[in-house]
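I have placed the structure first, in the form of structure tokens, so that the comments after it can refer back to it.
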Amino acid sequence: MKKTDKKLLEEFIRVDHAGERGAIKIYEGQLLALKTIMKNDELKEKIEEMKVHEQEHADFFDKEIKKRNIKPTKFLPLWDLLGIGLGFSSTILGNKAAMLCTASVEEVIDEHYQNQINKIGDDEKNLKNKIIKFREDELHHKDIAYKNGASKEGLYSIMDKIIKTSSRIAITISEKI
Ligand SMILES: [Fe+2]
Ligand SMILES: [Fe+2]
């Protein structure tokens, strides 16, 4: 039976806890823009629907982090601010940018969860199954984003790279501190 490395396990739960909370914050920022300056009820509904899944993901890791006595990342307050800022600013740039934000983040999360799934052993079956399920939800969000206008053409490709690089940095930091 493959056992999960204990230190890695702590890092996984710490970073996933931060990431799922960050996802909620991004959507909150987007909804704030959609309720104020960028009225778009169709997009608002889609985002509200995805946010329900993120809440389920975040609740799971919130329980895990408490149950296992793992310290959350010290950067939570900063991620909250940056998440809301990213959500808000991408949405005021328009529908394409808002959906690209979701697509870019989910592409990073797809890799990130797949990497964890590969490293979690049979001693952590429940956790592994949850992450497998959450990854599927994230892939579904990515599809929603592309169906609703996410684009990587022209300047959007730069935005995609910036969002991906920042997400990866946030992941690395949240694993450790
Ligand atoms: Fe999620
Ligand atoms: Fe998601």
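Mind the numbering: the sequence shown is residues 78 to 254 in the numbering used here, read in order.
Each residue gets a CB set at the ideal place from its N, CA and C atoms; glycine is no exception.
To the nearest angstrom, report how far apart residue i and residue j are at their CA atoms.
i, j, result
"T179", "K123", "11 Å"
"V92", "H189", "10 Å"
"L155", "I103", "13 Å"
"K207", "K224", "26 Å"
"I246", "E215", "19 Å"
"H94", "P149", "7 Å"
"F89", "D220", "25 Å"
"G160", "M115", "18 Å"
"G198", "K210", "16 Å"
"L232", "K84", "40 Å"
"D82", "S228", "39 Å"
"Q193", "D136", "19 Å"
"I169", "K144", "39 Å"
"V129", "R98", "12 Å"
"H296", "Q191", "This structure gives no information on residue 296, because the portion of the chain shown stretches from 78 to 254."
"K79", "E252", "22 Å"
Helix, strand or coil: which one does DSSP assign to residue i?
i, result
"E97", "helix"
"E105", "helix"
"A247", "helix"
"P149", "coil"
"T113", "coil"
"E88", "helix"
"E230", "coil"
"M78", "coil"
"I254", "coil"
If I follow the unbroken alpha helix (DSSP H) through residue i, where does it start and stop?
i, result
"T179", "172 to 196"
"A135", "118 to 144"
"D220", "202 to 224"
TODO: Give every residue whose Cβ lies closer than 5 Å to any heavy atom of ligand 2, listed in chain order.
DONE: E215, H218
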